[in-house]
DNA sequence: AAAGCCGATTGACCCAGATCAATTTTGACG
DNA sequence: CGTCAAAATTGATCTGGGTCAATCGGCTTT
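Protein chains in written order, with full-length UniProt numbering: chain A, 1 to 237; chain B, 1 to 237.
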């Protein structure tokens, strides 16, 4: 990790132009509320590899991811890591009940977030139940994803894990960038391994195997789905 | 599974006397609201092994668990099962975004739930943001538990899984029944295995090993923590 | 109390995926 | 370019936990 190049932008931005306006938490706000909301958030940039917040840190801010990809993870005392999710634009991070973050979040590549100080944000929600409802909706969606991931971690084979990951990741990118058989993978093999409960070697071997069987093609920074049906069959099994 | 002995009680109950009043969703309601709320829920009993709702069922009701223990699980097409959690009194079940349950729920032993029809419950929440906030709080707590469980499933050894499970289960029972080194385990070995991503044989062997080492004693329907410190050391590793 | 059943335990063996160990490829920088 | 360092791939070997196969033991039923 290099010297921090985090930058905070002067307040020259507008929520109404925000790339994430349509599907993030702020989707629940009307134009008038949005103008008020604008003063709460501040755009912050993080460079590749920087940590946005750490597990056990006191929660002072919430974050709305605007651009880039983040890895969300927990560490065991001996250094083993489990990635509990990847965050994409529109994801809302930082809600918890203990006043401490219960996972860490790193930028993968350059990242822009909309940062909200906890207290003012809490006050803003107070009398805006539709915003609360939206946050609740996002939490419940995440809970569903978490349960799906438990099934993957607890009961699927390495081949199934990798195939399921590729399809799931493509699906998530689909709603952001549209459909494509080319799936960019901005995260490292180690990240993928720590997400799937595997080792880096097993991930690498599985990719190679899928490629040999003509199911995928390995590209720089991603893969191409050559035979989506075959990958789906593997994931379903 | 035997013939269904589900029974619906006539409406002779009062929320104010409810065992779960202090810590369930309804904890957020004042006495007046509670009287209105009373008409929404209906107590329903389920016998051991009965299914309360199934994955992919259309969601018509929400459930507040009052008595007993439930297993919450997902099945893969080929029958592999992952238990995503055990529900205890006070847990609120059924929230989702797709209008379908995304897991199944069985009674383990006899169970009593407070059942709410979805639509009236939704209307009741509508203008009661404090209830919504309470529901959100429960969802966020569950999300934290789900992430912890991903770490267990993806990165922990069999010994660590079992030790962590015993301590976690004891901890959950603690808040209901007070502290004790005797930990009742109403679920089967198969349930424990499907919760931890192991086989029944490995769970059994691990219990035996812990007992041989003097860490626990295996009882009928539970275990006793003989050397809690040793079990904690195993779980932490 | 004998029979039957189902869950749990125990043992023998096996294999998917981990570990250990080289390469090979990629990318950053002078 | 050439040099390093980090990431990825590939191969050889090992092992934790799975699979298969008996028992064992506690309940229920008669």
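Cβ atoms here follow ideal geometry from the backbone N, Cα and C, with glycine treated the same way.
Proximal chain A residues relative to residue i, where beta-carbon distance stays under 7 Å
i	result
residue 135(B)	136
residue 88(B)	Those do not exist, as residue 88(B) stays about 17 Å from chain A at its closest Cβ, beyond 7 Å.
Which residues DSSP lists as bridging residue i, in chain order
i	result
residue 154(A)	Answer is none; residue 154(A) lacks a bridge partner.
residue 184(A)	222(A)
residue 71(B)	86(B) and 106(B)
residue 140(A)	In the DSSP output, where bridge partners are listed per residue, residue 140(A) has none listed.
residue 117(A)	61(A)
residue 112(B)	45(B) and 67(B)
residue 100(A)	58(A)
residue 51(B)	106(B)
residue 92(B)	64(B)
residue 81(B)	75(B)
residue 217(A)	224(A)
Same chain, Cβ closer than 8 Å to residue i, neighbours up to 5 away in sequence not counted
i	result
residue 4(B)	Note that residue 4(B) has pLDDT 48, beneath the 50 cutoff, so the model's placement of it is unreliable and the number below is only indicative. Counting only Cβ-Cβ distances below 8 Å, and skipping sequence neighbours, we find 47 and 50.
residue 106(A)	49, 50, 51, 52, 70, 71 and 73
residue 40(A)	116, 117, 120, 121 and 124
residue 219(A)	182
residue 81(B)	73, 74, 75 and 194
residue 169(B)	86, 183 and 185
residue 231(B)	163, 166, 167, 210, 215, 216 and 225
residue 31(B)	16
residue 221(A)	184, 185 and 186
Within chain B, the residues that residue i reaches when beta carbons sit closer than 7 Å
i	result
residue 74(A)	147 and 151
residue 95(A)	140
residue 122(A)	Those do not exist, as residue 122(A) stays about 11 Å from chain B at its closest Cβ, beyond 7 Å.
residue 102(A)	144 and 147
residue 24(A)	Going along chain B, no residue has its Cβ under 7 Å from residue 24(A), so there is no contact; the nearest lies around 16 Å.
Cβ-based neighbour list, residue i, same chain, cut-off 6 Å, excluding 5 preceding and 5 following
i	result
residue 229(A)	none
residue 210(B)	216
residue 223(A)	183 and 216
residue 1(A)	Caution is warranted here: a pLDDT of 39 is assigned to residue 1(A), below 50, making its placement in the model unreliable, and the coordinate value is therefore given only provisionally. Same-chain partners within the cutoff: 49.
residue 28(A)	130, 131 and 134
residue 203(A)	189, 192 and 193
residue 20(A)	66, 89 and 90
residue 171(B)	none
residue 54(B)	104
Amino acids of chain A, ordered along the chain, whose beta-carbon sits closer than 9 Å to that of residue i
i	result
residue 190(B)	Ordered by position in chain A, no residue passes the 9 Å Cβ test against residue 190(B), which lies about 13 Å from the chain.
residue 99(B)	The contacting residues do not exist; residue 99(B) stays about 12 Å from chain A at best.
residue 237(B)	76, 77 and 78
Supposed close pair residue i, residue j - CB separation, criterion 8 Å
i	j	result
residue 66(B)	residue 25(B)	Actually they do not touch by this definition, with Cβ atoms about 12 Å apart.
residue 160(A)	residue 234(A)	6 Å
residue 64(B)	residue 103(B)	Not a contact, Cβ separation roughly 17 Å.
residue 236(A)	residue 77(B)	6 Å
residue 146(A)	residue 119(B)	The Cβ separation is near 27 Å, so there is no contact.
residue 94(A)	residue 62(A)	4 Å
Cβ-based neighbour list, residue i, same chain, cut-off 7 Å, excluding 5 preceding and 5 following
i	result
residue 36(A)	none
residue 38(B)	14 and 15
residue 190(B)	200
residue 96(A)	59 and 102
residue 84(B)	72, 73, 74 and 103
residue 226(A)	214, 215, 216 and 217
residue 153(B)	197
Contact list for residue i against chain A, beta-carbon separation under 8 Å
i	result
residue 82(B)	150, 151, 154 and 155
residue 132(B)	129, 132, 133 and 136
residue 30(B)	Neighbours of residue 30(B) on chain A: none; closest Cβ ~17 Å, over 8 Å.
Closer than 9 Å at the beta carbon, the chain B residues around residue i
i	result
residue 163(A)	Going along chain B, no residue has its Cβ under 9 Å from residue 163(A), so there is no contact; the nearest lies around 13 Å.
Contact set between residue i and chain B, taken where Cβ atoms lie within less than 8 Å
i	result
residue 197(A)	153, 154 and 155
Stretch pair the region 154–165 of chain B + the region 54–68 of chain B: three plus CB contacts closer than 8 Å: no
Do the region 190–205 of chain A and the region 143–160 of chain A make contact, defined as three or more Cβ pairs closer than 8 Å? yes
Three or more C-beta pairs under 8 Å: does that hold for the region 113–132 of chain B against the region 125–134 of chain A? yes
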